[in-house]
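J.: Line order of the protein sequences matches chains V and G.
According to this note's numbering, the first sequence holds residues 34 to 172 in order.
According to this note's numbering, the second sequence holds residues 34 to 172 in order.
2 protein chains.
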Amino acid sequence: MARMDYTRDNMAGLLRSHDINPTHQRIEIAHALFSRQEHLSADQVMAFVNTRHSETSKATVYNTLKLFLDKGLVREVIVDPSKVFYDPNTSPHHHLYEVDSGKLSDIDARSVQISGLPQLPDGMVTEGIDLIVRVRRQR
Amino acid sequence: MARMDYTRDNMAGLLRSHDINPTHQRIEIAHALFSRQEHLSADQVMAFVNTRHSETSKATVYNTLKLFLDKGLVREVIVDPSKVFYDPNTSPHHHLYEVDSGKLSDIDARSVQISGLPQLPDGMVTEGIDLIVRVRRQR
DNA sequence: CCGGAGATTAGACAAAGTCCAGATTGCCTA
DNA sequence: TAGGCAATCTGGACTTTGTCTAATCTCCGG
Ligand SMILES: [Mn+2]
Ligand SMILES: [Mn+2]
Ligand SMILES: [Zn+2]
Ligand SMILES: [Zn+2]
Numbered sequence: 034m035a036r037m038d039y040t041r042d043n044m045a046g047l048l049r050s051h052d053i054n055p056t057h058q059r060i061e062i063a064h065a066l067f068s069r070q071e072h073l074s075a076d077q078v079m080a081f082v083n084t085r086h087s088e089t090s091k092a093t094v095y096n097t098l099k100l101f102l103d104k105g106l107v108r109e110v111i112v113d114p115s116k117v118f119y120d121p122n123t124s125p126h127h128h129l130y131e132v133d134s135g136k137l138s139d140i141d142a143r144s145v146q147i148s149g150l151p152q153l154p155d156g157m158v159t160e161g162i163d164l165i166v167r168v169r170r171q172r
Numbered sequence: 034m035a036r037m038d039y040t041r042d043n044m045a046g047l048l049r050s051h052d053i054n055p056t057h058q059r060i061e062i063a064h065a066l067f068s069r070q071e072h073l074s075a076d077q078v079m080a081f082v083n084t085r086h087s088e089t090s091k092a093t094v095y096n097t098l099k100l101f102l103d104k105g106l107v108r109e110v111i112v113d114p115s116k117v118f119y120d121p122n123t124s125p126h127h128h129l130y131e132v133d134s135g136k137l138s139d140i141d142a143r144s145v146q147i148s149g150l151p152q153l154p155d156g157m158v159t160e161g162i163d164l165i166v167r168v169r170r171q172r
């Protein structure tokens, strides 16, 4: 995966390539996620997008994140019962979650092997396999 | 693991063995979880406990589930962004989650091998490894 | 019987997320 | 250029899950 610049201009192309009409708000939200390459909650996205002056409503942030999810531009990470994280990294990977700090980092899936999973019930298909390693500071 | 009866009477002993003072409400809540051997949300526990007549308050349900968690009597399962599930099965196991129906079932950890996980950051210790297989009806 | 620790409670509160009806935007066509 | 129109955005009410608190209840030991 080649490194690239996540400028606002490049965001427009990225959105179009995922079949998303690039509006001002959508570009800002994509930029917040992709320029940082971090796992962000809706609240954090909201804060980043509205740092200078209020630009984007809460409804739009939530709608847009759901749209990005539907279109496969971002991924949802469910590790904290109190909020969902959105992940600009859609390549197959797992997560390391530091329960005290809430810090979430990626584990490349290529280095990890999972075997022995049971067969799926008939007519079912795997949507994804989430592996979360929960860690904390040693006491 | 030998099969056993999860009668209310046996719940008292189970609670005591986990260093929990067995009160009426705690016995009812434990019974709701253990007699069913299912993953239940706080809301579902609340509903089961209060079927006949209102017996237990919301605060007590939440307090008690947290107490059970602290004492290691139950486990928390985070798969759905909208609610936490409580799991009476504390033996090492993974989960299969049917995203459409919300149905959650166990995968015995003994049949599954996970290898290649990276070393932990220094001073960190693993609290748990959650593996969730998300499946849906084939379209 | 009394005191007090532990447990329970109602209900106010908070945070995350959803929903809706009205306003705005950006095009397309006449 | 002036509508017309579909897509988008918005404030704010609303819902759901979970937390908190201060008052009350329970039960046991002295
Ligand atoms: Mn993509
Ligand atoms: Mn146990
Ligand atoms: Zn990630
Ligand atoms: Zn389970």
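Using N, Cα and C, we set each Cβ at its ideal position, and we do this for glycine too.
Quantities reported herein were computed from a predicted structural model and do not represent experimental measurements.
Take Gly135 of chain G and list the residues in its own chain whose beta-carbon comes closer than 7 Å to its own, dropping the five residues that flank it on each side.
T.: As a first step, residue 135 of chain G is located in the second sequence; it is residue number 102 there, counting from the start. So the list reads Asp113, once near-sequence residues are dropped.
J.: Since His72 of chain V and Tyr119 of chain V are thought to touch, with beta carbons under 8 Å apart, how far apart are those beta carbons, to the nearest angstrom?
T.: In the first sequence, residue 72 of chain V corresponds to position 39, counting from 1. In the first sequence, residue 119 of chain V corresponds to position 86, counting from 1. With a Cβ gap of about 7 Å, His72 of chain V and Tyr119 of chain V count as contacting.
J.: Provide the residue span of the beta strand (DSSP E) that contains Tyr130 of chain G, from first to last.
T.: For the purposes of this step, residue 130 of chain G is taken as the residue at position 97 of the second sequence. Residues His126 to Glu131.
J.: Using the rule of at least 16 other Cβ atoms within 10 Å of the residue's Cβ for burial, across every protein chain shown, is Asp163 of chain V buried or exposed?
T.: Position 130 of the first sequence, counted from the start, is the residue given in the question as residue 163 of chain V. Counting Cβ neighbours within 10 Å, Asp163 of chain V comes out buried, since at least 16 surround it.
J.: Let me know if Glu61 of chain V comes out buried or exposed under the rule of 16 or more other beta-carbons within 10 Å of its beta-carbon.
T.: One-based indexing of the first sequence puts residue 61 of chain V at position 28. Answer is buried; the Cβ neighbour count reaches 16.
J.: At what residues does the alpha helix (DSSP H) containing Asp38 of chain G begin and finish?
T.: On the second sequence, position 5 is the one that residue 38 of chain G refers to. Premise fails: Asp38 of chain G is in no alpha helix (DSSP H) and is neither H nor E.
J.: Hey, would you say the C-beta of Val78 of chain V is under 7 Å away from at least one heavy atom of ligand 3?
T.: Within the first sequence, residue 78 of chain V is the residue found at index 45, counting from 1. Result no, Cβ not under 7 Å from ligand 3.
J.: Under DSSP, the beta strand (DSSP E) around Leu218 of chain V begins and ends at which residues?
T.: The structure shown does not extend to residue 218 of chain V, since chain V is modelled only from 34 to 172, so the question has no answer here.
J.: In or out: Val158 of chain G buried (at least 16 other Cβ within 10 Å) or exposed?
T.: For the purposes of this step, residue 158 of chain G is taken as residue 125 along the second sequence, with counting starting at 1. Counting Cβ neighbours within 10 Å, Val158 of chain G comes out exposed, since fewer than 16 surround it.
J.: Can you find a CB in chain G that lies within less than 8 Å of the CB of Met157 of chain V?
T.: For the purposes of this step, residue 157 of chain V is taken as residue 124 along the first sequence, with counting starting at 1. Yes - at least one Cβ of chain G is within 8 Å of the one on Met157 of chain V.
J.: Give the interface partners of Glu160 of chain V over in chain G, defined as CB-CB distance under 8 Å, in chain order.
T.: Translated into positions along the first sequence, residue 160 of chain V becomes position 127. The contacting residues are Val132, Arg167, Val168 and Arg169.
J.: Please check if any C-beta of chain G sits within less than 8 Å of the C-beta of Leu164 of chain V.
T.: Here residue 164 of chain V refers to the residue found at position 131 of the first sequence. With 8 Å as the cut-off, Leu164 of chain V counts as an interface residue toward chain G.
J.: Flag Asp113 of chain V as yes when its Cβ comes closer than 7 Å to any non-hydrogen atom of ligand 3, and as no otherwise.
T.: By one-based count along the first sequence, residue 113 of chain V stands at place 80. The answer is no for Asp113 of chain V.
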